[in-house]
Amino acid sequence: MTSACPGNNRGPGEPGPAPRLVVHPPDHRGWRRVRCDGRSLGTAYRISDIAVFLAATGMENAEDFDLTDPTLVDWRGGGPDCWTPPLA
1 MTSACPGNNR GPGEPGPAPR LVVHPPDHRG WRRVRCDGRS LGTAYRISDI
51 AVFLAATGME NAEDFDLTDP TLVDWRGGGP DCWTPPLA
């Protein structure tokens with residue numbers, strides 16, 4: 001299993017933990033906080049920003065990371081297509 005965050009490599013057959021990459025709900029501007037293992041990676045304005053954050057952590061081929069895989073990413077307040085502010 002490929003980890004969203006460095007240091008999450010397990011051997012074959014080992015169960016995976018809860019997703020370590022968390023994308024928080026859109027704020028009043030539609031921007032989403034992104035965290036890994038409780039550490040802030042930044043605020044994403046669009047989905048492509050997340051690959052930039054992952055690359056900055058040292059992840060190889062971050063642009064190929066499957067952000068739609070719920071075992072790898074915990075999307076809160078809407079999935080990868082949700083970038084609009086909540087209704088007031």
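FYI, full-length UniProt numbering numbers position 34 of the sequence shown as 34, with every residue one higher than the one before it. Glycine included, C-beta positions come from ideal geometry on N, C-alpha and C. All values reported here derive from a predicted model rather than from experimental measurement.
Hey, residue i and residue j: beta-carbon distance below 9 Å or not?
i	j	result
A51	E63	yes
Assign residue i to one of three DSSP states: helix, strand, or coil.
i	result
M1	For M1, the predicted model reports a pLDDT of 33, less than 50, meaning its position is unreliable; a value from the coordinates is still stated below. Here M1 sits in coil by DSSP.
D49	helix
Per DSSP, residue i is paired with what?
i	result
C36	L21 and R39
residue 128	With the chain covering only 1 through 88, there is no way to say anything about residue 128.
A55	BP columns for A55 are empty, so no partner.
A44	R32
Taking 6 Å as the limit between beta carbons, can you name the residues of its chain near residue i, skipping five residues before and five after?
i	result
V23	R32, V34 and W75
H28	P85
P25	R76 and G77
residue 89	As shown, the chain starts at 1 and ends at 88. That puts residue 89 outside it, with no answer to give.
Below 8 Å CB to CB, which residues in the same chain sit around residue i once its five sequence neighbours on both sides are set aside?
i	result
G7	Per-residue confidence for G7 stands at a pLDDT of 49, beneath the threshold of 50, marking its modelled position as unreliable; the derived number appears in the next sentence. Contacts found: none.
S40	R33 and V34
Quick one: residues in its chain with C-beta nearer than 7 Å to the C-beta of residue i, no 5 flanking neighbours on either side, listed in chain order?
i	result
P80	I47, L67 and T68
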